[in-house]
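Trainee: My structure is below; once you've seen it, I'll send some questions.
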């Protein structure tokens with residue numbers, strides 16, 4: 618019924634919000650206060666992990682949340698809150714995380730040394746465009 622679908626959406630949204638720092642304004646994060654990860658650290662942090670996070674609304678219009686599956690040091694699946702699903706490959710090199718979908722794009726990965734429960738995704742403009750604040754092992 619219509620009511621049950623609406624209720625289910627509210628419950629799912631509540632669950633998504635409860636596990637995230639959704640209200641965090643990514644535009645005000647100062648990258649200079651964060652620690653940039655090296656290639657080996659990026660691999661150790663995300664390989665065979667499922668990441669949960671959210672985007673800066675100005676970067677990915679219409680898609681707030683994401684799940685990323687980084688498997689076997691090469692395969693990636695991204696599922697956005699819009700239900701869009703992307704599959705491709707990932708590689709850590711030159712202290713960057715590179716995504717290979719239709720085209721390749723590399724970003725920097727940072728953590729806050731005082732609060733290591735958040736991964737910051739930083740683009741070419743040195744601005745944080747996404748954060749992941751929850752992850753779990755794939756295997």
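Numbering (our numbering), first residue to last: 618 to 756.
Where a beta carbon is used, it is the ideal one built from N, C-alpha and C, also for glycine.
Please read all numbers here as calculations on a predicted model, not as lab measurements.
1) Taking residue 696 and residue 714 to be in contact with their CB atoms under 8 Å, please state how far apart those CB atoms are, rounded to whole angstroms.
2) Going straight from the alpha carbon of residue 656 to that of residue 662, what length do you get?
3) Going by alpha carbons, who is nearest to residue 659 out of 702, 746, 684, 707?
4) Assuming contact is defined by CB atoms lying nearer than 9 Å, are residue 728 and residue 652 in contact in what I supplied?
5) If you reduce the DSSP assignment to three classes, tell me which class residue 674 lands in.
6) Where do the ends of the beta strand (DSSP E) carrying residue 704 lie?
7) For residue 748, which residues of its own chain have a beta-carbon under 6 Å away from its beta-carbon, when the five flanking residues on both sides are left out?
8) Residues in the same chain with beta-carbon distance under 7 Å from residue 731, minus the five sequence neighbours each way, listed in chain order, please.
9) Three-state secondary structure (DSSP) at residue 691?
10) If you draw a straight line from the alpha carbon of residue 682 to that of residue 745, how long is it in whole angstroms?
11) Report the partner residues of residue 658 according to the DSSP bridge assignment.
12) Using 10 angstroms around the beta-carbon of residue 685, count the other beta-carbons present and answer buried if the total reaches 16, otherwise exposed.
13) Just how far apart, CA to CA, sit residue 666 and residue 645?
14) Beta strand (DSSP E) containing residue 738: first to last residue?
Mentor: Per the coordinate set shown:
1) Looking up residue 696 in the chain shown gives position 79. Looking up residue 714 in the chain shown gives position 97. That belief does not hold up - the Cβ atoms of residue 696 and residue 714 are roughly 18 Å apart, past 8 Å.
2) For the purposes of this step, residue 656 is taken as the residue at position 39 of the chain shown. For the purposes of this step, residue 662 is taken as the residue at position 45 of the chain shown. Residue 656 and residue 662: Cα-Cα distance of roughly 10 Å.
3) Here the question's residue 659 lines up with position 42 in the chain shown. It is 707.
4) By 1-based counting over the chain shown, the position of residue 728 is 111. By 1-based counting over the chain shown, the position of residue 652 is 35. For the 9 Å CB-CB criterion, residue 728 and residue 652 form a contact.
5) The residue labelled residue 674 in the question sits at position 57 within the chain shown. In the structure shown, residue 674 sits in coil (DSSP, three-state: anything other than H, G, I, E or B).
6) As a first step, residue 704 must be located in the chain shown, where it is residue number 87. Looking at the DSSP string, the run of the beta strand (DSSP E) that includes residue 704 is 702 to 710.
7) In the chain shown, counting from the first residue as 1, residue 748 sits at position 131. Answer for residue 748: 670, 735, 737, listed in chain order.
8) The residue labelled residue 731 in the question sits at position 114 within the chain shown. The beta carbon of residue 731 sits closer than 7 Å to none of the beta carbons in its chain outside the five residues before and after it.
9) Locating residue 691 in the chain shown gives position 74, where the first residue counts as 1. Note: residue 691 maps to coil in three-state DSSP.
10) Here residue 682 is taken as the residue at index 65 of the chain shown, counted from 1. Here residue 745 is taken as the residue at index 128 of the chain shown, counted from 1. In a straight line, the C-alpha of residue 682 is about 15 Å away from that of residue 745.
11) As a position in the chain shown, residue 658 is number 41, starting the count at 1. DSSP output for residue 658 lists no bridge partner at all.
12) Along the chain shown, one-based indexing puts residue 685 at 68. When all chains shown are included, residue 685 counts as buried.
13) Counting from 1 along the chain shown, the entry for residue 666 is found at position 49. Counting from 1 along the chain shown, the entry for residue 645 is found at position 28. Straight-line Cα distance between these residues: approximately 27 Å.
14) Along the chain shown, read from residue 1 onward, the residue named residue 738 stands at position 121. From DSSP, the beta strand (DSSP E) with residue 738 extends over 732 to 739.
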